[in-house]
Structure formats: structure tokens, C-alpha cells
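Written below as C-alpha cells is the structure these notes are about.
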Amino acid sequence: MLQKTISQVIVRNKLLKENDSVVVGVSGGPDSTALLLLLAETDLNLQCIAAYIDHGLRPGETGAEQDTVAQLAATTGTRFCSRAVPARDYAAALGLSLEEAARILRYQALEAIRLEYDAAAIAVAHTADDQVEEFLLRLVRGSGRKGLAGMDYRHGRVIRPLLNLNKQTLLHFLAARNIPYCVDSSNLDRRFLRNRVRLDLLPLLEDQFNPSIRRTILQTMEILGREEELLADLTKQALPLIEEKGPDRLAVPLPPLDAIHPAIRRRIIERCCWTLGARPTFRQIDRILALTDGDGPGREVHLGGGLRMRRTADSLEFRYPLGRTAFRGSGRAAIAIDTPIPAPGVYPIAAIGAVLELRLEEVPVEPAGRLCVDAARISFPLRLRSVVAGQRFRPPGRGGSRKVNRFLSDHGISSEMRDCYPVLMMQEQIVALPGLEIDESFRLTAASRTALVIRWRPAETGERGGR
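Per full-length UniProt numbering, residue 1 is the first one in the sequence shown, and the count goes up by one each step.
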């Protein structure tokens, strides 16, 4: 029985424990429908919450999908909840594809539901077929060994119990029980690269090149995964080569770097860039590697965002000679920020190299450098916007309102940075100045039960790209 198979996968990979609560992302399609049924029927007594996310992209279909998921939840005796997210607005605001924007918002909404229900994990319905599609997508776009190794059964709080099953197996399971499901019309839209891979490329490979291409790719991914584990271990052993030379400055001595294998050398350079908040391209890393073989110091590679790599006589130095452009004046025009915040989650603000984190936590909370507001007073969606001249808010305990720009100046924010400093808004009311202060209207009181915790920090380890 599939239920036993799923139980074994969960136990073997330590995805959940007996009696755990789990949020199950259910779109109404066959894969997620089967996932909810299988999790509800394992011998682990899991407490499932069926979560439907409406991305606002298919208004003619979402009503029927939501009803189908709600009925399925009732049939299986599981709780049901739904959330709506503005994928189109989010994509436009951050310059993302609709597909990427929907994915980001979907996971943020699922995480908010997980926190609301204090669930152990979020289960999603990726299958072996999705692994194959993902392999081809990453191959086409360009990816290293880690990316080609595919998705893991667990990534943080997200679990994928169906990764070893193919879609046909799930369809047979549903048909045998006469379980209804929905068909998402966007899955046939060839404007999306993933659909072209599934509808065109894979059938072509099966018909013209290898009838067993799916199995072949899965086997290749398993090999790549094992080899990636080895390379990651070897890279970890070489990390002590990286020397901290001060804030936002790293160095790697050339003699020991030259002595290690080129594959590990590339990863060490990549790690330096990630640590300082940049995602280097293949070409940039190649240029840096070329400098290790060249004659004489003084040459540089510009890595974006103000980060540069300079070769000295005996090392590679990674630094921001003019400071991080996102957090210090750089002579640029003021940056306009207007980002929708549909739910708690993590929001990279690529334009200024910062990250806004919003999380729900039970009161009392430990501030630890974070701002806290009463979640009961917050009505999503919020927006993160650049400060407007003359804008005012009420700092707690100050007995009146203050101009935001004056407040920023008093707290040492330079005039250049004040021009693009963001404020977190609920409609036209300021909720907080991220990293500095909240508005009195949203402060925690003795009656508060849940806090919305606000953290504002520089982007790091690849977050500057806004993905």
C-alpha cells in the first residue's frame, strides 16, 4: 500500500514524528490531492492542515479548486484553510516572473499558516517526475552539481514525501478510489518554460533518444547527489583558508589556494563572494581563477554591489573599497521602493541590498535586535515604501508624532540613505521604520497574544539578487 510506503519514507528521512501536525499544500490537482490522502491515512496519526493558496492568476478556476480542497479536507477529517496572495503585483514590484513570484508568495503563505497552527512542517507534493523536469530546467538555465542533484526530501521546514513516486502511480491511486481532482489550465500554457519541458522536451527525448530517459535522469541525479556530498565535505575542510581581515573584507592566501584541486578552489572563491553578499557568475569566477595564475598583483574583478576582488602579491582580497553601495552613500540617485508584503515571510529588497523578515511569535518574545508589534492589529497586505517628505509617525512613549526624516537624522541615518529608507505601511499608516522603531498604535500590550516580529538586516549569502 502507498500509505505504508509514505510512512517508511517519512520515518527513514526523519521528516515527521508520530502525532506531528503538518501543513499540506493542496492545489486541488492530482499530486497534492494524493499527498493529503496519504498523509492522513498513514499509521503515524498525523494532524494535517489542508492549505489552499490562491495566487490571483486564474479567477475562473480558483473557486472550484478551493471548494474541491475544502471537500477533500472534510472527507479526510482534516482542518482546512485558504489564503490569497497578489502574485501579479509582487512580480511587477520585484521584477520577477509570474512563476517565481507565485512560488515565493506560496511558500511565505504556507509558512505563515505553519506558524499559526504551530505545525512541525510544510508538506508539498513534488514527485519523481518533478525531479526530472527540475533537472532539465536547471541544465538549460545553467547549474552546478548541487543544483543538478535535485530536490531533497527536506529543506528547512519543507518536506517532500512523494519524491520517490511518479505521477502515474498517484493517478492510479486516485482512480482506484474514485477521488476527484482539478486540472490547472496553466499547466498547459507553453509560455512557461517548465510546461515546455514537460509537454515538449521530455516526450521528444523519450520518443527520439531514450524511452527510459526519466529513470536515467533520476539515476544520474542520485550519483550527482552522492558526489556533491563528497565535494561539500572537501570544501568544508578547506574553509580555514579564508581569512577575515575586518568588516566586509576577506582574503585567501595564494600558495595554499594554488595547492588544492581547481574544483575546490572554485568553491572557495564562491564561498567568499556569498559570505560578502554577492552571487558570482561562472564567468566572474573564471576571471578570478585566471588571476591566480597570472603574473603580478594589482588586478581586480568587479563582482557587483560595490564588491571587488583584488589580487595582491600573495593573496586574493575580497572587499568593498567604497563601502556597500546599499548601506552607504554612493552618489547614486535615490532609490524608489514600493514592495507588497502579502504575509509574514522573508522579503529580499534587491534595490538596496537589504532583507525584511516578518515572523509570527507567541508573546512574550525576546526582542534581540528585532521590533515587535501586536499581530492582532495588523491587517495584511502591508507595503514597504520609501519615506515621503513630511511623513510623520508616533514613536512609543514619546507623547506625540515626529517627522520620519527628522527621526532618521537623529538616529544617525545619512542624508543619502534617508532618501531611500523604507517604511512599513498598512494602507496609509506607518507600522514601523524597519530596524529602528514602531508606531505607538501597534505596540504590544498586556492583552497581546501574538507578536509580528520585524527584522531588518543587510542581505547576505546570495540574497542580494532578490530571489
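We put the CB at the ideal spot given by N, CA and C, even for glycine.
None of the values given here were measured: they were computed from a predicted structure.
Can you grab the Cα-Cα spacing for the pair residue i / residue j, in whole Å?
| i | j | result |
| --- | --- | --- |
| Leu250 | Val301 | 14 Å |
| Leu171 | Glu229 | 34 Å |
| Tyr320 | Leu303 | 10 Å |
| Met309 | Trp456 | 27 Å |
| Lys236 | Leu57 | 43 Å |
| Leu436 | Pro247 | 22 Å |
| Ala101 | Ala87 | 6 Å |
| Ala432 | Arg418 | 15 Å |
| Glu18 | Leu44 | 5 Å |
| Ala121 | Asp314 | 48 Å |
| Lys4 | Thr75 | 20 Å |
| Val365 | Ala451 | 7 Å |
| Ala92 | Pro211 | 41 Å |
| Asp374 | Arg279 | 36 Å |
| Gly331 | Leu96 | At Gly331 the pLDDT is 36, less than 50, meaning the model places this residue with poor confidence; the figure from the coordinates comes in the next sentence. Distance between the alpha carbons of Gly331 and Leu96 is about 27 Å. |
| Thr312 | Ala263 | 22 Å |
| Arg215 | Leu234 | 29 Å |
| Asp439 | Ser409 | 17 Å |
| Val423 | Glu362 | 24 Å |
| Asn195 | Ala128 | 16 Å |
| Glu463 | Ile352 | For Glu463, the predicted model reports a pLDDT of 48, less than 50, meaning its position is unreliable; a value from the coordinates is still stated below. Using only the alpha carbons, I get a separation of about 11 Å. |
| Thr78 | Ile288 | 54 Å |
| Pro59 | Leu231 | 47 Å |
| Ser186 | Cys372 | 39 Å |
| His411 | Arg83 | 38 Å |
| Ile378 | Gln208 | 56 Å |
| Leu193 | Arg103 | 14 Å |
| Ala70 | Arg402 | 48 Å |
Find the nearest neighbour of residue i within the set the options, judged by alpha-carbon distance.
| i | options | result |
| --- | --- | --- |
| Glu270 | Phe380, Leu239, Asp293, Ala259 | Leu239 |
| Ile6 | Asp89, Leu218, Thr169, Tyr181 | Thr169 |
| Val23 | Pro247, Leu115, Ile10 | Leu115 |
| Gly399 | Ala109, Ser441, Leu257, Phe380 | Ser441 |
| Leu218 | Glu133, Val197, Arg370 | Glu133 |
| Arg385 | Ile378, Val346, Gly412, Gln427 | Gln427 |
| Phe376 | Ser448, Ala350, Glu361, Val346 | A small correction: the amino acid at residue 376 is Ala; Phe does not occupy that position in the sequence shown. Of the candidates Ser448, Ala350, Glu361, Val346, the one whose C-alpha sits nearest the C-alpha of Ala376 is Ser448. |
| Phe380 | Leu371, Gln208, Pro340 | Pro340 |
| Ala350 | Glu61, Gly277, Arg226 | Gly277 |
| Met1 | Arg267, Phe173, Ala259 | Phe173 |
| Leu162 | Lys403, Gln284, Leu35, Val252 | Leu35 |
| Glu243 | Gln131, Thr275, Leu224, Ile413 | Thr275 |
| Ala459 | Arg103, Arg370, Val346 | Val346 |
| Arg177 | Thr33, Arg266, Asn166, Leu444 | Thr33 |
| Leu165 | Phe407, Val197, Gln8, Asp286 | Gln8 |
So, under 8 Å CB-CB, residue i and residue j are touching, yes? Tell me the CB distance rounded to an integer number of Å.
| i | j | result |
| --- | --- | --- |
| Pro434 | Leu382 | That pair is no contact at about 11 Å. |
| Pro255 | Leu241 | About 10 Å; that fails the 8 Å criterion. |
| Ala119 | Ser27 | Not really, about 18 Å apart at Cβ, beyond 8 Å. |
| Cys182 | Gly29 | 6 Å |
| Ile159 | Ala123 | 5 Å |
| Val85 | His55 | 6 Å |
| Ile53 | Gly25 | 7 Å |
Residue i: buried (16+ other C-beta within 10 angstroms of its C-beta) or exposed?
| i | result |
| --- | --- |
| Gln429 | exposed |
| Gly156 | exposed |
| Pro348 | buried |
| Asn405 | buried |
| Glu317 | buried |
| residue 556 | Nothing about residue 556 can be read from this structure; the chain reaches only from 1 to 467. |
| Ala389 | exposed |
| Pro344 | buried |
| Gly63 | exposed |
| Phe393 | buried |
| Leu15 | buried |
| Ile454 | buried |
| Leu188 | exposed |
| Asp200 | exposed |
| Glu130 | The sequence shown places Asp at residue 130, rather than the Glu named in the question. Buried: at least 16 other Cβ atoms inside 10 Å. |
| Leu204 | exposed |
Could you tell me which residues DSSP puts in a beta bridge with residue i?
| i | result |
| --- | --- |
| Met456 | Checking the sequence, you will find Trp at residue 456 rather than Met. Paired residues: Leu356. |
| Ser386 | Pro422 |
| Glu243 | Ala251 |
| Ala51 | Gly25, Cys81 |
| Phe393 | Arg402 |
| Thr450 | Glu362 |
| residue 478 | Because the chain in this structure spans residues 1 to 467, residue 478 falls outside the shown range and cannot be described. |
| Tyr347 | Leu356 |
| Gln3 | Looking at the DSSP assignment, Gln3 forms no beta bridge with any residue, so it has no partner. |
| Val301 | Met309 |
| Glu437 | Leu433 |
| Phe318 | Leu250, Met309 |
| Ile159 | Ala123, Arg154 |
| Leu371 | Ile454 |
Check whether the Cβ of residue i sits closer than 8 Å to any heavy atom of the ligand NAP, and report yes or no.
| i | result |
| --- | --- |
| Ala290 | As presented, the structure is devoid of all ligands, the ligand NAP included, so that no description of it is given. |
With 9 Å as the threshold, decide whether the Cβ of residue i is near any Cβ in chain B.
| i | result |
| --- | --- |
| Ala70 | The structure shown contains no chain B; it is built from a single protein chain. |
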